[in-house]
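**Q** Provided herewith is a single structure, encoded as structure tokens, for subsequent inquiry.
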Amino acid sequence: MILAEIADKMPSVAELWNREVSLAAMLVVLSLSNRVVAVCCLAVATLNFWLCLGQAYFEPGFSDSIHRELGPLWVNHSLAGSVLPIALVLIALLVRHPKTKTLESA
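If you want it as structure tokens, here you go:
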């Protein structure tokens with residue numbers, strides 16, 4: 017049965033959050049080094065969100081099976097967890113690398 021095979025290969029909610037927290041921690045540590053690396057980390061975090069969104073809604077057949085077998089709660093946790101790296105990298109970018117002063121305020 018196809019549905020049983022999907023649920024067996026998909027991570028649990030705890031594994032989803034563990035993966036996303038680990039990714040967020042790595043990206044935040046890297047983004048503290050300089051602004052260019054922080055922007056690259058933001059791109060990686062956005063790609064992670066896009067892949068989770070595509071898996072949940074845009075893959076034909078597979079997305080429907082995920083919704084049927086794992087339910088909307090699993091999908092919501094997947095998407096919420098994938099927003100975490102974006103949010104934390106943005107916070108690190110804004111706190112560690114604030115906008116430079118303009119000539120008028122100098």
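Per the numbering used here, the very first residue in the sequence shown carries number 17; after that it's consecutive.
We put the beta carbon where it would ideally sit given N, CA and C, even for glycine.
1. Given 7 Å as the limit, tell me if Glu75 has its C-beta closer than that to any heavy atom belonging to the ligand PLP.
2. Less than 8 Å between the beta carbons of Pro101 and Asn64, yes or no?
3. For Met186, name the three-state secondary structure that DSSP assigns.
4. Reducing DSSP to helix, strand and coil, say where Leu19 ends up.
5. For Pro114, which residues in the same chain have their Cβ closer than 6 Å to its Cβ, ignoring the five residues on either side in sequence?
6. Which runs of the alpha helix (DSSP H), 4 residues or longer, sit entirely within the region 37-101?
7. Apart from the five residues on each side of it in sequence, which residues of its chain come closer than 6 Å, Cβ to Cβ, to Leu32?
8. For a test of the three-state rule: what should DSSP assign to Lys25, helix, strand or coil?
9. In angstroms with no decimal places, state the Cα-to-Cα distance between Val30 and Ile22.
**A** Looking at the coordinates:
1. The ligand PLP is absent from the structure shown, which contains no ligand whatsoever.
2. yes
3. This structure leaves residue 186 out entirely; the chain is present only between 17 and 122.
4. Only weak support exists for where Leu19 lies, its pLDDT of 48 falling under 50; the value from the coordinates is given anyway. Leu19: helix per DSSP, three-state reduction.
5. none
6. 51-69, 78-85
7. His93, Ser94, Gly97
8. Residue state, collapsed to three classes: helix.
9. For the record, residue 30 in the displayed sequence is Ala; it is not Val. When rounded, the distance between both Cα atoms is 17 Å.
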